[in-house]
Each structure stands twice: as structure tokens, then as C-alpha cells.
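Its first residue numbered 0, the sequence shown is counted upward by one per residue in numbering that gives the first Met the number 0.
Below is one structure, written out as C-alpha cells; the observations come after it.
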Amino acid sequence: MKRLFAIAVVVLFSACTPIKRQELNVSVPERFQNSSGHPTREVSFTEWWKEFHDEKLNQLIEDTLKYNHDIKAAAERVLQARALLGVSRSQRFPSLNLNLSTSRQRQTTMGITTHTNTFNINLMASYEADLWGRFSSEQKRALASLEALRQQKRVIIQSVIADVVNLYLHANTLKEMIKIRYDYIKNAEKNLQIIKQRYALGRASYLDVLQAESTLNDALSQIEPLRRQLKDTLYRLSILTGKYPEELPISGVGPSVYVETLRPVPEGLPSDLLRRRPDILATALKAEEAFQALKVARAKRFPSITLTATGGYASSELKDLFKPDSLFWQLSAGILQPLFDAGRLKAQEEAQRARYREALANYAKTVLQAFYEVEKALADRKSLYKERAEVLELVKNLKKTYQSALDRYTLGVSDLTTVLNLQRQLFSARIRLVLTEESIIANRVFLYRAFGGHWIEEKNLNKEGA
Numbered sequence: 000m001k002r003l004f005a006i007a008v009v010v011l012f013s014a015c016t017p018i019k020r021q022e023l024n025v026s027v028p029e030r031f032q033n034s035s036g037h038p039t040r041e042v043s044f045t046e047w048w049k050e051f052h053d054e055k056l057n058q059l060i061e062d063t064l065k066y067n068h069d070i071k072a073a074a075e076r077v078l079q080a081r082a083l084l085g086v087s088r089s090q091r092f093p094s095l096n097l098n099l100s101t102s103r104q105r106q107t108t109m110g111i112t113t114h115t116n117t118f119n120i121n122l123m124a125s126y127e128a129d130l131w132g133r134f135s136s137e138q139k140r141a142l143a144s145l146e147a148l149r150q151q152k153r154v155i156i157q158s159v160i161a162d163v164v165n166l167y168l169h170a171n172t173l174k175e176m177i178k179i180r181y182d183y184i185k186n187a188e189k190n191l192q193i194i195k196q197r198y199a200l201g202r203a204s205y206l207d208v209l210q211a212e213s214t215l216n217d218a219l220s221q222i223e224p225l226r227r228q229l230k231d232t233l234y235r236l237s238i239l240t241g242k243y244p245e246e247l248p249i250s251g252v253g254p255s256v257y258v259e260t261l262r263p264v265p266e267g268l269p270s271d272l273l274r275r276r277p278d279i280l281a282t283a284l285k286a287e288e289a290f291q292a293l294k295v296a297r298a299k300r301f302p303s304i305t306l307t308a309t310g311g312y313a314s315s316e317l318k319d320l321f322k323p324d325s326l327f328w329q330l331s332a333g334i335l336q337p338l339f340d341a342g343r344l345k346a347q348e349e350a351q352r353a354r355y356r357e358a359l360a361n362y363a364k365t366v367l368q369a370f371y372e373v374e375k376a377l378a379d380r381k382s383l384y385k386e387r388a389e390v391l392e393l394v395k396n397l398k399k400t401y402q403s404a405l406d407r408y409t410l411g412v413s414d415l416t417t418v419l420n421l422q423r424q425l426f427s428a429r430i431r432l433v434l435t436e437e438s439i440i441a442n443r444v445f446l447y448r449a450f451g452g453h454w455i456e457e458k459n460l461n462k463e464g465a
């Protein structure tokens with residue numbers, strides 16, 4: 000018997016081998032491949048959108064932080080997790096309950112019926128010893144869950160602010176495109192008048208008049224689609240600020256103005272991403288949460304020891320309830336060891352172990368995705384500025400070429416088709432320039448987001464901190 004007991008003890012404590020935590024090791028380069036070559040250690044992107052010097056944009060973001068429903072929902076999830084952390088903490092303390100009861104019993108024995116009253120008041124305290132660290136691990140799991148939700152809230156704030164900035168700047172871009180289209184219309188109307196005058200003098204054919212009218216009609220037909228896009232963009236922007244869909248006021252400043260105000264981006268070091276980006280921090284905390292949940296699942300397979308103390312008064316007469324003779328107390332201790340559950344607890348532990356490995360894989364994937372986003376944004380930035388320089392040169396050359404062709408046509412030494420083709424190319428190039436400059440701004444927003452900078456100060460967040 001002693002030998003059997005010794006074997007049982009050895010088996011039990013061999014199962015209590017601590018679970019090893021796997022390190023979150025990810026290979027990090029010394030610098031970004033597409034960096035400018037001068038990364039800085041200290042990087043701060045606090046309220047980065049103010050770099051655009053647009054008060055209407057600043058006000059929209061301020062409203063968004065107050066009224067956006069996605070941000071509000073994220074804040075409530077944080078508050079839920081904080082409450083659940085309180086629940087997990089309470090498990091480490093004794094529970095105390097007050098019980099008040101009364102009963103009346105009727106009993107018949109040998110034809111004799113008796114009635115018995117019972118009055119009872121007692122306090123019962125119970126405490127489960129945390130021998131295997133189940134409660135402490137559960138508390139750590141709840142804390143990791145809370146911190147992960149705080150970081151996820153920051154991810155949502157980043158996403159919403161980026162959407163607001165992009166939609167606002169896109170609305171300004173659409174307004175600029177509408178201006179260019181109206182310039183196109185004025186230019187087409189001017190050319191039509193010149194052609195009609197030449198036609199009246201017999202220097203142009205009626206076909207030239209029809210071609211010029213078609214060009215004007217084509218220019219006119221492009222206004223309404225842009226207006227619809229603008230209205231839709233403003234409606235979407237309004238929704239993000241927590242308001243009924245409406246056409247919000249915007250500055251109407253073209254993207255070229257914003258591009259000229261952009262400062263060089265302080266790139267930071269790749270290793271900084273691991274401690275700055277909230278999505279990386281969130282997945283790391285999710286891995287910690289899964290690790291602590293694994294420890295909880297392991298601890299559930301071991302014996303639990305519960306201590307219980309009960310004391311109070313019990314009497315058959317209410318008037319005698321609080322007399323010394325009615326006092327009673329009881330102390331008890333119990334051990335509960337799962338013996339047979341068809342492998343349920345073991346399967347739960349294995350499932351949680353797999354979830355932990357999954358969380359580690361998600362962390363590694365998130366880190367690689369973060370590096371990809373930074374490298375892509377830096378590479379795109381170089382390419383976009385190069386493209387802008389080329390389009391600027393194209394617009395400059397087309398202006399000269401178009402004016403020269405128009406002068407030659409007026410003198411009767413060039414055909415109208417060349418003039419109209421150059422006219423379309425010129426205004427298409429102007430539109431392309433605007434879109435390229437918008438892409439540069441969108442790339443800057445993406446860069447700020449990819450670098451995971453401090454988007455807003457803690458004090459600016461409503462309710463639960465970011």
C-alpha cells in the first residue's frame with residue numbers, strides 16, 4: 000500500500016512540471032532596406048495630421064475621437080475586460096455568505112402528528128487554496144486580455160483616424176479635379192468660338208465645328224460623376240465622425256498644397272516597431288493570454304483543496320434563536336481530485352496548448368506584415384515622388400505644345416485633330432498630377448500608420464485609456 004501511494008505521489012508531481020514559455024523571437028534587420036539611410040532613434044508622430052495645417056481637418060478628427068461608434072465600442076470592450084479582471088481577482092480571496100432560513104415540518108409517527116419549526120441564521124466562509132497557481136494564472140490571463148484590448152482599441156483609433164484623413168483629402172482632391180474639369184470646359188468653349196469664327200470666314204469645315212462641340216459635351220459630361228463621388232465621400236466622412244450623412248465643410252485645398260507642406264519622415268529603427276505598433280503589442284499580449292490559459296487548463300487536472308467554516312444560531316423557537324444554547328459552528332476541509340472524465344481535462348489542455356502555438360504564429364505573422372508595410376510604404380514614397388516630377392514635366396511640355404498647335408491652327412497651318420488631341424492630353428495630365436499628389440499624401444498617412452507612432456496623447460482619449 001505504501002509503495003502504491005509513493006508511486007501515485009511521484010506520478011502526480013511529475014505532472015506538475017512547469018510549462019515552458021516560448022520566447023517571441025523574430026529576426027529584425029538593423030535598418031529598413033528602402034530607408035533614406037539616416038534612421039533616427041527617437042520618433043514621435045503625436046497628432047501627425049496637424050502637419051497638414053488644416054483647421055477643418057483638425058476639428059473633424061477631434062469630433063471623431065469623441066463620437067465615432069467604433070471607438071466607443073472598443074472602449075466598452077476594454078471596460079468589460081477590466082470588470083472580468085476583477086472577477087478573476089476575487090477568486091483568490093475567501094467568500095463569505097449570510098444565510099437566513101426558516102422551515103416548518105409535519106411528521107406522523109404511530110398515528111401521532113407533530114409539527115416542528117426551525118429557525119436558522121449563520122455565516123458560511125469558504126476558501127479554495129491556490130496550490131497549483133490556477134487562480135493566479137487566471138488573473139494574469141485576464142490582465143493580458145485587458146491589455147490586449149487596450150492595444151486593439153489603439154489599432155481601431157489608428158484605422159479610423161487614417162480613414163478620416165484619407166477621405167477628407169480625397170474630397171479635396173475631387174474638388175480640385177472638378178476645378179480642372181471646369182478649366183477644360185472653359186478651354187473647350189473658347190476653342191469652339193475660335194473654330195466657329197473660322198468657319199464663318201470659310202477657313203474651317205463644319206466637321207471642325209462638330210468635333211469642337213463633341214469635345215465640349217465630353218467635358219461637360221465628366222462633371223456630375225465627380226460631384227456624385229464628392230457627395231458620397233463627404234457622407235462617408237460624416238458617418239466616421241458619428242453624424243448623420245451630410246456634406247461636411249472642407250477646405251477645398253488642392254493636394255499640391257499639402258504635398259509642399261510635408262516634412263521628411265523620421266523613419267526610426269526596425270526594432271522600434273516591436274514596441275510601438277499596437278497590433279504587434281496586441282498579438283504579443285494575446286500570446287501571453289493563451290500561455291496563462293494553458294497554465295489554468297493544466298492546473299484544473301490537479302486536486303483542489305477547499306476549506307469551509309460555518310457558524311450561527313439554530314432553534315425551534317424564534318424567541319430562543321440567539322440564546323447561547325442555540326449557537327453552533329462547523330469546520331471542514333475537502334480535497335477534490337478528478338479521477339475519470341474520459342480525457343476531457345487532458346483534451347482541454349492540449350487544445351489550449353495548440354491555441355498558444357497559434358498565438359505565437361500570429362505574432363510572427365503580424366511582425367512580418369508590419370515590416371512589409373513599412374518597406375512598401377518607403378519604396379512607394381520614392382517611386383511616387385519620381386512619378387510626380389515626371390508628370391510635372393509632362394504638364395509643362397504639353398502646355399507649350401498645345402499652345403503652339405492652337406496658334407498654328409489659328410494661322411491655318413495645322414489641323415484641328417492635333418489641337419484637340421493635345422488638349423485632351425494636357426487636361427488628362429493635370430488630372431494625373433492631382434491623383435499622383437493624392438497618392439503621395441495617402442502614402443504619408445500609410446507611413447505614419449506603418450511606423451506605429453504615438454497618434455494621440457493618452458489625455459486626449461475619452462473613457463478608458465488607449
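We treat Cβ as the ideally placed atom computed from N, Cα and C, and that holds for glycine.
For clarity, every value in this text was computed on a predicted model and none was experimentally measured.
Looking at residue i: is its Cβ nearer than 8 angstroms to the Cβ of residue j?
i: alanine 170; j: leucine 236; result: yes
i: leucine 367; j: leucine 397; result: no
i: alanine 73; j: glutamine 151; result: yes
i: isoleucine 179; j: phenylalanine 426; result: yes
i: threonine 307; j: methionine 123; result: yes
i: glutamate 288; j: arginine 153; result: no
i: glutamine 106; j: threonine 115; result: yes
i: isoleucine 155; j: isoleucine 60; result: no
i: leucine 173; j: leucine 225; result: yes
i: valine 373; j: phenylalanine 31; result: yes
i: isoleucine 194; j: alanine 187; result: no
i: aspartate 207; j: leucine 415; result: yes
i: leucine 273; j: proline 302; result: no
i: glycine 451; j: arginine 275; result: yes
i: leucine 142; j: leucine 84; result: yes
i: leucine 432; j: leucine 383; result: no
Please state the DSSP three-state secondary structure of residue i.
i: arginine 105; result: strand
i: histidine 169; result: helix
i: threonine 260; result: helix
i: glycine 241; result: coil
i: phenylalanine 92; result: coil
i: alanine 332; result: strand
i: threonine 416; result: helix
i: asparagine 116; result: strand
i: phenylalanine 327; result: strand
i: asparagine 396; result: helix
i: threonine 365; result: helix
i: alanine 449; result: helix
i: glutamate 22; result: coil
i: arginine 40; result: Residue placement at arginine 40 is flagged as unreliable, the pLDDT there being 47, under the threshold of 50; the coordinate-derived value follows with that caveat. Of the three classes helix, strand and coil, the one that applies to arginine 40 here is coil, per DSSP.
i: asparagine 67; result: coil
i: isoleucine 111; result: strand
i: isoleucine 249; result: coil
i: glycine 464; result: Only weak support exists for where glycine 464 lies, its pLDDT of 46 falling under 50; the coordinates are left without a value.
i: alanine 203; result: coil
i: serine 125; result: strand
i: glycine 310; result: strand
i: isoleucine 455; result: Note on isoleucine 455: pLDDT 47, under 50, position unreliable in the model; no value is reported.
i: leucine 97; result: strand
i: leucine 438; result: In the sequence under discussion, the amino acid at residue 438 is serine, which differs from the leucine named in the question. Three-state DSSP puts serine 438 in a helix.
Leaving out the 5 sequence neighbours to the left and right, which residues in its chain are closer than 8 angstroms to residue i when beta-carbon positions are compared?
i: glycine 132; result: Lys294, Ala298
i: tyrosine 66; result: Thr240, Gly241, Lys242
Among the options, which residue has its Cα nearest to the Cα of residue i?
i: glutamine 469; options: Ala211, Ala203, Leu166, Lys381; result: The chain is shown only over 0 to 465; residue 469 falls outside these bounds and no answer can be derived.
i: alanine 428; options: Phe31, Ala199, Leu393, Glu357; result: Leu393
i: arginine 387; options: Trp48, Gly333, Glu259; result: Glu259
i: alanine 404; options: Asn190, Leu59, Leu338; result: Asn190
i: arginine 91; options: Glu75, Gln58, Ser136, Arg76; result: Ser136
i: glutamine 329; options: Thr63, Gln58, Ser125; result: Ser125
i: asparagine 442; options: Ser144, Leu261, Phe339, Thr417; result: Leu261
i: lysine 71; options: Asn24, Arg103, Arg149; result: Arg149
i: glutamine 351; options: Lys285, Lys322, Gln221, Lys375; result: Lys285
i: valine 164; options: Glu212, Glu175, Leu233, Ile177; result: Leu233
i: histidine 281; options: Leu432, Lys364, Tyr401, Leu97; result: It is worth fixing the name first, because residue 281 is alanine in this sequence and not histidine. Of the listed residues, the one whose Cα sits closest to alanine 281 is Lys364.
i: leucine 359; options: Arg275, Arg431, Asn24; result: Asn24
i: arginine 380; options: Glu436, Lys49, Ala283; result: Glu436
i: tyrosine 362; options: Glu212, Ile430, Pro277; result: Pro277
i: arginine 88; options: Arg448, Phe134, Ser438, Gln347; result: Phe134
i: isoleucine 279; options: Ala332, Leu338, Met176, Phe370; result: Phe370
Tell me which same chain residues have a C-beta within less than 6 angstroms of the C-beta of residue i, skipping the five on either side of it?
i: tyrosine 183; result: Ala218, Phe426
i: isoleucine 120; result: Leu99, Gly311, Tyr312
i: arginine 197; result: Ala203
Note down, in chain order, each residue of its chain lying with its Cβ closer than 7 angstroms to the Cβ of residue i, except the 5 sequence neighbours on either side.
i: isoleucine 440; result: Leu168, Pro254, Tyr257, Val258
i: alanine 147; result: Ala281, Leu284, Lys285, Glu288
Is the segment 308 to 327 close to the segment 52 to 59, with three or more CB pairs under 8 angstroms? no
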